[in-house]
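> Going by our numbering, the first residue of the sequence shown is number 58, and it counts up by one from there.
Below is the structure I would like to discuss, written out as structure tokens.
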Amino acid sequence: MARATRPISWIKSAKNDFDKFPIEAQARCLAALTMAAEGAKADIAKPFKGLGSGLFEIALPFRGNAYRAVYAVQIGEEIWVLHAFQKKSTQGIKTPRHEVELIASRLKMLKEMLE
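Pasting the structure below:
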């Protein structure tokens, strides 16, 4: 029996930021999100640490840049994309603190909205 595909929903500002990614980067991220919606995990997705379980980060190196999309799989029926950004490496592999704080605030807001 085929597994039901969960809908993918976006925090509006995350979608606006994602729409600025190059088309090819968008396509690769959307493929990874589709895999998540189908209950699988793409090879470019990894758990996002530090804000609890159920968060994943798509880490996409693309033409010398690094693109990220963070999504939640444990909130409601949907896959929620909380944040999308181009990572400008100032701290090596680590996600900059202001990005983590933004993800945390959007996660909190989403949970409150869906309660």
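Heads up, the beta-carbon is just placed ideally off N, CA and C, and yes, glycines get one too.
Helix, strand or coil, according to DSSP, for LYS69 in the structure here?
Helix.
> Under three-state DSSP, which class holds ALA94?
In the structure shown, ALA94 sits in a helix (DSSP, three-state: H, G or I).
> Between the Cα of LYS165 and the Cα atoms of LYS98, GLN143, LEU108 and GLU95, which residue gives the shortest distance?
Of LYS98, GLN143, LEU108 and GLU95, the residue nearest in Cα terms is LEU108.
> Decide if ALA97 is buried, meaning its Cβ has at least 16 other Cβ atoms within 10 Å, or exposed.
ALA97 should be labelled exposed.
> Tell me the DSSP bridge mates of LEU112?
Note: LEU112 sits in a beta bridge opposite ALA129.
> Identify, in the order they occur along the chain, each residue of the same chain with its Cβ nearer than 6 Å to the Cβ of LEU112, setting aside the five sequence neighbours on each side.
Cβ neighbours of LEU112 beyond the five flanking positions: PHE105 and ALA129.
> By alpha-carbon positions, which one of LYS151, ILE101 and GLU134 ends up nearest to PRO64?
When only C-alpha atoms are compared, the closest one is GLU134.
> Can you tell which of LYS168, SER162 and HIS140 has the C-alpha that lies nearest to the C-alpha of SER70?
Taking only the C-alpha atoms, the option nearest SER70 is HIS140.
> In this structure, how does DSSP classify ILE160 when only helix, strand and coil are distinguished?
Helix at ILE160.
> Name the DSSP beta bridge partners of LEU117, please?
Looking at the DSSP assignment, LEU117 forms a beta bridge with TYR124.
> If LEU90 sits next to VAL138, beta carbons under 8 Å apart, how far is it from one beta carbon to the other, in whole angstroms?
LEU90 to VAL138, Cβ: 7 Å. Contact.
> Helix, strand or coil: which one does DSSP assign to LYS144?
Of the three classes helix, strand and coil, the one that applies to LYS144 here is strand, per DSSP.
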